[in-house]
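S.K.:
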Amino acid sequence: MEKTEKLLVGLEHILSVASDLVQEVDRLKRVEEECQMLKEKLFKKQPTSSEQAVVALALDGHSVTEMQDILFKEENTIKTQGRRILQKLNVSSMKEAIDFYKKTNQTSSQNFTNYHQEIFQKLVKTS
């Protein structure tokens, strides 16, 4: 094989590898975009701190009326936050949501002990 032929074969190999790399970069960009979309969907499904407070109180067995007194919120606000939790968890009742949280250990009353203490301290200060 002549020197020129060897150079041509080497160039063909380099071009083939470069083409493969371009295809792989395109594939990785699509994967990255898909991961970003999944991340955004997951983030949207995360309960807000207010929704977490409602779940915590529900886990403790508090009624909506009791939640109103503890959180200083209107009944409709608490009910709306409860509905959002149900939507995010894709369940149809607060009981199912509570069962889900208990089963998956995503939250517990202890996680919100500090929150309850803050609320209690606010109540004491305003009394």
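Position 55, counted from 1, in the sequence shown is what numbering that gives the first Met the number 0 calls 54; the numbers after and before it change by one each time, with no gaps. Using N, Cα and C, we set each Cβ at its ideal position, and we do this for glycine too. From a predicted model like this one, the values you see are computed outputs, not experimental measurements.
#1: Using DSSP with H/G/I as helix, E/B as strand and the rest coil, what is Glu73?
#2: Would the beta-carbon of Ile127 fall within 7 Å of that of Val53?
#3: Considering only the beta carbon of each residue, do Met66 and Leu56 sit closer than 7 Å?
#4: Just the Cα atoms here: how many angstroms apart are Lys87 and Ser48?
#5: Would you kindly report the start and end of the unbroken alpha helix (DSSP H) that includes Lys101?
#6: Please look up how many angstroms separate the CB atoms of Arg83 and Glu31, rounded, as I've assumed it's under 8 Å.
#7: Output the distance between the C-alpha atoms of Thr79 and Leu27, rounded to the nearest integer angstrom.
#8: Can you say whether Leu7 is buried or exposed, counting buried as having 16 or more other CB atoms within 10 angstroms of its CB?
#9: Determine the burial state of Ile69: buried for a count of at least 16 other Cβ atoms within 10 Å of its Cβ, exposed for fewer.
#10: Just to confirm my understanding: we take Met93, look at its own chain, exclude 5 residues before and 5 after, and list those with CB closer than 8 Å. What are they?
M.R.: The answer reads as follows:
#1: Stepping through the sequence shown from its first residue, residue 73 is reached at position 74. DSSP places Glu73 in coil when its eight states are reduced to three.
#2: As displayed, the chain neither begins before 0 nor continues past 126, which places residue 127 out of reach and without an answer.
#3: The count along the sequence shown starts at 1 and reaches residue 66 at position 67. The count along the sequence shown starts at 1 and reaches residue 56 at position 57. Against a cut-off of 7 Å, the Cβ pair of Leu56 and Met66 comes out as a contact.
#4: What you label residue 87 is simply residue 88 of the sequence shown in a count that begins at 1. What you label residue 48 is simply residue 49 of the sequence shown in a count that begins at 1. Roughly 14 Å between the two C-alpha positions.
#5: Mapped onto the sequence shown, residue 101 falls at position 102. Looking at the DSSP string, the run of the alpha helix (DSSP H) that includes Lys101 is 93-103.
#6: As a working note, residue 83 is residue 84 in the sequence shown. As a working note, residue 31 is residue 32 in the sequence shown. At roughly 29 Å, the Cβ-Cβ gap does not stay under 8 Å, so Arg83 and Glu31 are not in contact.
#7: As a first step, residue 79 must be located in the sequence shown, where it is residue number 80. As a first step, residue 27 must be located in the sequence shown, where it is residue number 28. Taking the straight line joining both Cα atoms gives about 40 Å.
#8: Your numbering for residue 7 matches position 8 in the sequence shown. Under this definition Leu7 is an exposed residue.
#9: As a first step, residue 69 is located in the sequence shown; it is residue number 70 there, counting from the start. Answer is buried; the Cβ neighbour count reaches 16.
#10: Taking the first residue of the sequence shown as position 1, residue 93 is located at position 94. Hits under 8 Å: Ala57, Gly81, Ile84, Leu85.
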